Amino acid sequence: MKTLLRILGGLALLVVAMLAILWVTLQRPDLPWKTLQAKYQNAASRYVDLPGGLHVHYRDQGNPKGPVLVLVHGFSANVDTWEPWVKRLGGTYRIVSLDLPGHGLTQAPPGFQVGPTTFLDVVQGVVDHLKLQKFVLAGNSMGGAVAWNYALVHPERLDGLVLVDAGGWAHPQEGRDGPVIFKVMANPIGRALLHNLDARGLTKAGLEDAYLDKTLVTDALVDRYVDLARAPGHRDILFGLQATFRDPATPQKLAVIKIPTLVMHGRQDKLVPFADGEAFAKAIPGATLDAYGQVGHVPMEQIPDRSAANLDSWIKLKVYPPKD
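Take the sequence shown: its letters are residues 69 to 392, numbered as in the numbering used here.
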């Protein structure tokens, strides 16, 4: 019996040692800013320094004399998520996209904490830097929550509001379906274990849930999400966002929005349910709902032709209609 216990004890120690070795081999350090900029910066990339030590990356593209669209990405995404729209709408509109702190090529100082108004302040800082007085603001997912919150605080700056599979609706979170990586990140222990771990497998699975069509989840796309998450300080901010309390949307809160609003939502969205899109459209007076069958969380990338055309038609009809 003692011999068996010694054997089992030895096997247990061996397993622990092997797990420790695996843990070490899966650790991934930060990537230098120069490396990331060389790979993900393009000719349209610009930077502005904002309060709090932020060095914010943005792109100002398209028709410099056209109506202005300001685009805000979702959690863990970056400005590249909007490039399909830039390609299709840039001939008509001036399109400004930006990377929020903890995302893309935007740099934050060590220990930076995202506060309740941080993302709104970044949007405001960029548009003020560019001297944009009036514009249409669009946001996807977490960026959609930034957009409707901005509309509540700065309605005088907006000609239109576009919520693309927007987050932030008030409802119980327990038991909802969604990518495994978000469930892991919602747990403090999971966040600690995942912090410096190679998350490529989980990231790919999460993207496949978001895009639905696995052929769209290319190695280059996964590389972009994984690489940019490894920017200095980004993982601290990203994991902090998962632990941060958010003030959710309610019908009462959104009823004050009088800006022309377009709600675009995929019916098969696994991250933000279609019912949330319906709720936003119902709560905001006069809002238009564009529902997309067989589409998930990112219609601007999944169905760029259709979604860009819908946006263009809506802006010309509801925001800047022809003058008699």
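Ideal Cβ placement from N, Cα and C applies to all residues, glycine included. For clarity, every value in this text was computed on a predicted model and none was experimentally measured.
Residue i versus residue j: straight-line alpha-carbon distance, rounded
i: S165; j: R156; result: 15 Å
i: N378; j: P135; result: 16 Å
i: D291; j: A267; result: 11 Å
i: G207; j: G361; result: 20 Å
i: M253; j: Q129; result: At M253, the pLDDT of 48 sits below 50, so the modelled position is not reliable and the matter cannot be decided from this model.
i: K391; j: P132; result: 21 Å
i: F203; j: D380; result: 14 Å
i: N217; j: L229; result: 11 Å
i: L94; j: T271; result: Caution is warranted here: a pLDDT of 41 is assigned to L94, below 50, making its placement in the model unreliable, and no coordinate value can be reported.
i: K415; j: P223; result: Since the first residue shown for the chain is 69 and the last is 392, residue 415 is missing from the structure and cannot be characterised.
i: V340; j: G212; result: 11 Å
i: V331; j: T149; result: 18 Å
i: V138; j: P97; result: 33 Å
i: H123; j: V221; result: 23 Å
i: H171; j: H302; result: 6 Å
i: A349; j: L198; result: 30 Å
i: R244; j: A355; result: Its pLDDT being 48, under 50, R244 is placed unreliably in this model, and the value from its coordinates should be taken loosely. In a straight line, the C-alpha of R244 is about 26 Å away from that of A355.
i: S375; j: Q175; result: 31 Å
i: T283; j: H141; result: 21 Å
i: K321; j: Q109; result: 38 Å
i: L306; j: P152; result: 25 Å
i: P353; j: T329; result: 8 Å
i: A215; j: D373; result: 23 Å
i: P184; j: V195; result: 19 Å
i: L357; j: W382; result: 11 Å
i: P300; j: W101; result: 7 Å
i: S113; j: Y388; result: 28 Å
i: Y161; j: M210; result: 23 Å
i: Q336; j: D281; result: 11 Å
Per DSSP, cross-strand counterpart(s) of residue i
i: G207; result: V140, L231
i: T356; result: L330
i: V116; result: V124
i: L104; result: Its beta-bridge partners do not exist; DSSP assigns none.
i: Q181; result: The partner list for Q181 (beta bridge, DSSP) is empty, contrary to what the question assumes.
Where residue i falls: helix, strand or coil (DSSP)
i: T286; result: coil
i: L122; result: strand
i: I383; result: helix
i: A376; result: helix
i: G130; result: strand
i: I192; result: A quick correction: the sequence has Gln, not Ile, at residue 192. Three-state result, Q192: helix.
i: I163; result: strand
i: A347; result: helix
i: A111; result: coil
i: Q320; result: helix
i: L220; result: helix
i: Q201; result: coil
i: P336; result: For the sequence presented, residue 336 should be read as Gln rather than Pro. Coil, per DSSP.
i: Q370; result: helix
i: L280; result: coil
i: L226; result: strand
Residue i and residue j closer than 7 Å at C-beta
i: L226; j: L205; result: yes
i: P319; j: A278; result: no
i: W237; j: A347; result: yes
i: L168; j: R298; result: no
i: P367; j: G334; result: yes
i: G179; j: L118; result: no
i: H125; j: D233; result: no
Cβ of residue i within 7 Å of any chain D Cβ
i: D128; result: Any reference to chain D falls outside this structure, which holds one protein chain only.
Cβ-Cβ separation, residue j to residue i (assumed contact under 8 Å), whole Å
i: L289; j: L275; result: 6 Å
i: L173; j: L104; result: 6 Å
i: A359; j: F342; result: 7 Å
i: P177; j: G269; result: In fact, because the Cβ distance is near 31 Å, the residues do not count as touching under 8 Å.
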